[in-house]
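Have a look at the structure below, then the notes.
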Amino acid sequence: MPRESETAQAARPAAAGKAVRPAGAPGAADDSAAIARMRSAGLRRRLGVNGVRVLLVAAWLGSWELAARNWIDPFYYSMPSKIWDRLAGWFTDGTSQGSIWEQISYTLQEAVAGFVLGAAGGVVLGIVLGRSRYLSDVCAPFIKAVNAIPRIILASLFVIWFGLGMESKIATAFVLVFFAVFFNAFQGAREVDRNLVNNARILGAGRMQVLWTIVVPSATSWILASLHSAFGFAIIGAIVGEYSGADKGLGLLINHSQGTFDSAGIYAGMIIITVLALLAEWLLTVVEGRLLRWRPPAAGADPQI
Amino acid sequence: MPKRATTPENADDGRVNTGDPVIELRGATKRFRSSGGGVHTAVRDLNMTVRPGEFVAVVGPTGCGKSTTLSLVSGLEPASEGDALVHGRPVDGIPDGVGYMFQTDAVLPWRTVLDNVATGPRYRGAGKREARERAREWVERVGLAGFEGYFPHQLSGGMRKRVALAQTLVNEPSVLLMDEPFSALDVQTRGLMQDELLRLWSGSGAAVVFVTHDLEEALVLADRVVVMTAGPATIKSTFAVPLERPRDAEEVRLTAEFLDVYREVWESLREEVQITRERGAGNAA
Chain A
1 MPRESETAQA
11 ARPAAAGKAV
21 RPAGAPGAAD
31 DSAAIARMRS
41 AGLRRRLGVN
51 GVRVLLVAAW
61 LGSWELAARN
71 WIDPFYYSMP
81 SKIWDRLAGW
91 FTDGTSQGSI
101 WEQISYTLQE
111 AVAGFVLGAA
121 GGVVLGIVLG
131 RSRYLSDVCA
141 PFIKAVNAIP
151 RIILASLFVI
161 WFGLGMESKI
171 ATAFVLVFFA
181 VFFNAFQGAR
191 EVDRNLVNNA
201 RILGAGRMQV
211 LWTIVVPSAT
221 SWILASLHSA
231 FGFAIIGAIV
241 GEYSGADKGL
251 GLLINHSQGT
261 FDSAGIYAGM
271 IIITVLALLA
281 EWLLTVVEGR
291 LLRWRPPAAG
301 ADPQI
Chain B
306 MPKRATTPEN
316 ADDGRVNTGD
326 PVIELRGATK
336 RFRSSGGGVH
346 TAVRDLNMTV
356 RPGEFVAVVG
366 PTGCGKSTTL
376 SLVSGLEPAS
386 EGDALVHGRP
396 VDGIPDGVGY
406 MFQTDAVLPW
416 RTVLDNVATG
426 PRYRGAGKRE
436 ARERAREWVE
446 RVGLAGFEGY
456 FPHQLSGGMR
466 KRVALAQTLV
476 NEPSVLLMDE
486 PFSALDVQTR
496 GLMQDELLRL
506 WSGSGAAVVF
516 VTHDLEEALV
526 LADRVVVMTA
536 GPATIKSTFA
546 VPLERPRDAE
556 EVRLTAEFLD
566 VYREVWESLR
576 EEVQITRERG
586 AGNAA
């Protein structure tokens, strides 16, 4: 395919820069200088962005600390130094409920179990209903109704059903995650390119093969998008469940802080949960990047957001 | 002089080609329910036969129902009336030995070039290693050696068409249906792909039905050109293309014989294009 060799070269990521001009041509030096300039400009920009971020955080925490020391009542609003002391205390001396690691692991187990079960259920049911017009027509009003229930209230019901242990929190996390994932999986399975399905059928695929090789991969990007928010929901479910009644966990810790008017404790719990959620988010992004390797990079996408 | 047959009924009578027809349409009609609740007839009363190894191009005005003809043969859509037969058997589901190349990209974006081409054999029960081996051979034959590990988005439009071509041909179809496969390509790449198609098809013995709105493309490729009427489409006339094979897609269009047959077919096609245009103008007003 001699006439297409140029496009072919351009498609090779490694050769992309070189294909334009033969090596040794005048101007190769200009090129490398331009590349160096662009690199250092990019570096400067990154440094600038991070610098401004650090400044913003410092200004926010500093003004809070200053205000709490001079004008506002730290009993209600707490202050960064107190929150830091509380965090340090939890990790060195333990909490009123026992070791902080135990609380974290308890909440994390509930969230992860609820997340895995909810995501699996949502994906399976979403894909099944998305592919079957009949089933989705039958189920549509029920799903709409269940989705309209303020599901967080179910946490109270689950405590009565499953008791104070982990099960009630897993159930709460499950219902929150399930619906978030279900709707995306449903949409993803429904929006499969008809062309791809027809092509697969012509190439010899049976119904199950179409499902596994066309529908599931097509819906994957939809499903992965929903998993990001779903893990947040799983943590909310676990914490709210612990709030409604528990013998361990970060939610209980926060609830206890509320009971003792310990605003620093509430903030400290919040920070721990935020860190957990960010770690999970990072992990999901790594998984997503691996699974969606085949996707073209979005034009002008900023990896920071 | 080009051999000419003006009615579909005697289209095949003058031909020396023997062998049972691989594709037969007998009074095939396809109606769809239109979005307004009415009935839209895409094609009506189609009669057509294609013999083994024959390359037939179907031309007609834009949107007249040419693609529907292919769906009837491929079994993707059942005929509302009349019969579609492939290898003498009525079409019910996807018939054996049918390959179909779609107008838009139908390669799987999440599979590499090699795995895309291996898709057909895998569906048909070949083991992973065997499917890949056959795929590798076809990747080479369509000129993509070295690109086995690339994902479709990393390829140019022409290269993706090559992948689609390999994906279809690896199943060794005896009936090859093509729905304006090269219409999205630029003119130079299209000429190149037409040459590739002729090269890969020659000697394969496959019967080809190639739908296009581009008369030049039809004449470059086909043994026989079928002109369809403005929608609801039916066959208006059939023309034999008396050009020698093997043909060079870029060169053949410059010959006097080509221009003669072009003029003759265009005479027939022009009226239909005119009708479609007037309708379009009527709708726009």
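As they're listed, the protein sequences go chains A and B.
Taken in order, the first sequence gives residues 1 to 305; the numbers are from the working numbering.
Taken in order, the second sequence gives residues 306 to 590; the numbers are from the working numbering.
By construction, the Cβ of each residue, glycine as well, lies at the ideal position given by its N, Cα and C atoms.
Since this is a predicted model, take the numbers as computed values, not measurements.
Can you list, in chain order, the residues of its chain whose CB lies under 6 Å from that of residue i, leaving out five sequence neighbours each side?
| i | result |
| --- | --- |
| A23 of chain A | Low confidence applies here, because A23 of chain A scores a pLDDT of 47, under 50, leaving its location unreliable; read the following figure in that light. No residues qualify anywhere along the chain. |
| G130 of chain A | F186, A189 and R190 |
| A155 of chain A | T172, V240, G241 and S244 |
| V301 of chain B | In the structure as shown, chain B begins at 306 and stops at 590. Residue 301 of chain B is therefore absent and cannot be evaluated. |
| A512 of chain B | V327, V355, P357, E359 and V480 |
Report yes or no: is there a C-beta of chain A within less than 7 Å of the C-beta of residue i?
| i | result |
| --- | --- |
| P478 of chain B | no |
| F407 of chain B | yes |
| F456 of chain B | yes |
| Y567 of chain B | no |
| D425 of chain B | The question names Asp, yet the displayed sequence has Gly at residue 425 of chain B. Taking Cβ atoms only, chain A reaches closer than 7 Å to G425 of chain B, which makes this a yes. |
| R429 of chain B | yes |
| W415 of chain B | yes |
| A436 of chain B | no |
| A411 of chain B | yes |
| I328 of chain B | no |
How would you label residue i, buried or exposed, when you count the other beta carbons within 10 angstroms and need 16 or more for buried?
| i | result |
| --- | --- |
| I272 of chain A | buried |
| P551 of chain B | exposed |
| D484 of chain B | buried |
| G365 of chain B | buried |
| I540 of chain B | buried |
| F182 of chain A | buried |
| S263 of chain A | buried |
| P326 of chain B | buried |
| T473 of chain B | buried |
| M166 of chain A | buried |
| T354 of chain B | buried |
| R495 of chain B | buried |
| N199 of chain A | buried |
| Q579 of chain B | exposed |
Is residue i close to chain B, meaning its C-beta is less than 7 Å from at least one C-beta of that chain?
| i | result |
| --- | --- |
| R207 of chain A | no |
| P2 of chain A | Because P2 of chain A sits at a pLDDT of 42, beneath the cut-off of 50, its placement in the model cannot be relied upon, and the point is left open. |
| R133 of chain A | no |
| W294 of chain A | yes |
| L203 of chain A | yes |
| V123 of chain A | no |
| N198 of chain A | yes |
| P217 of chain A | yes |
Using beta-carbon positions only, say whether residue i and residue j come within less than 7 Å of one another.
| i | j | result |
| --- | --- | --- |
| R151 of chain A | V177 of chain A | no |
| A230 of chain A | A148 of chain A | no |
| T424 of chain B | E386 of chain B | no |
| G380 of chain B | P357 of chain B | no |
| G237 of chain A | A173 of chain A | yes |
| A205 of chain A | Y428 of chain B | yes |
| I223 of chain A | V116 of chain A | no |
| A527 of chain B | F407 of chain B | no |
| G265 of chain A | R86 of chain A | yes |
| L390 of chain B | A384 of chain B | no |
| A277 of chain A | G232 of chain A | yes |
| V475 of chain B | V422 of chain B | yes |
| L564 of chain B | V532 of chain B | no |
Go through its chain and collect everything with a Cβ distance to residue i's Cβ below 7 Å, but skip five positions before and after it.
| i | result |
| --- | --- |
| H228 of chain A | E281 and L284 |
| Y455 of chain B | T417 and V418 |
| I162 of chain A | Before going on, a small fix: residue 162 of chain A reads as Phe here, not Ile. Excluding residues within five positions, the ones whose Cβ falls inside 7 Å are S168 and A171. |
| M306 of chain B | Legend: pLDDT at M306 of chain B = 41, less than 50; position of this residue unreliable, no value from coordinates given. |
| T95 of chain A | Q103 and L253 |
| A119 of chain A | V177, V181, L227 and A230 |
CB-CB under 8 Å to residue i, same chain, minus the five flanking residues each way: which ones, in chain order?
| i | result |
| --- | --- |
| L211 of chain A | I127 and R131 |
| E65 of chain A | M79, P80 and S81 |
| W571 of chain B | L520 |
For a contact meaning CB atoms closer than 9 Å, what does residue i contact in chain C?
| i | result |
| --- | --- |
| G404 of chain B | Annotation note: the requested chain C is absent from the structure, which comprises protein chains A and B. |
Return the residues of the region 502-518 of chain B that lie within a Cβ-Cβ distance of less than 9 Å from chain A, sorted by chain order. Listed by position, the residues of the region 502-518 of chain B near chain A (Cβ gap below 9 Å) amount to none.
Which residues of the region 360-385 of chain B have a Cβ closer than 9 Å to any Cβ of chain A? Give them in chain order. S376, S379, G380 and L381
Chain B contacts from the region 166-196 of chain A (Cβ-Cβ distance under 7 Å): N195 and L196
Name, going along the chain, the residues of the region 524-555 of chain B whose beta-carbon falls closer than 9 Å to a beta-carbon of chain A. none
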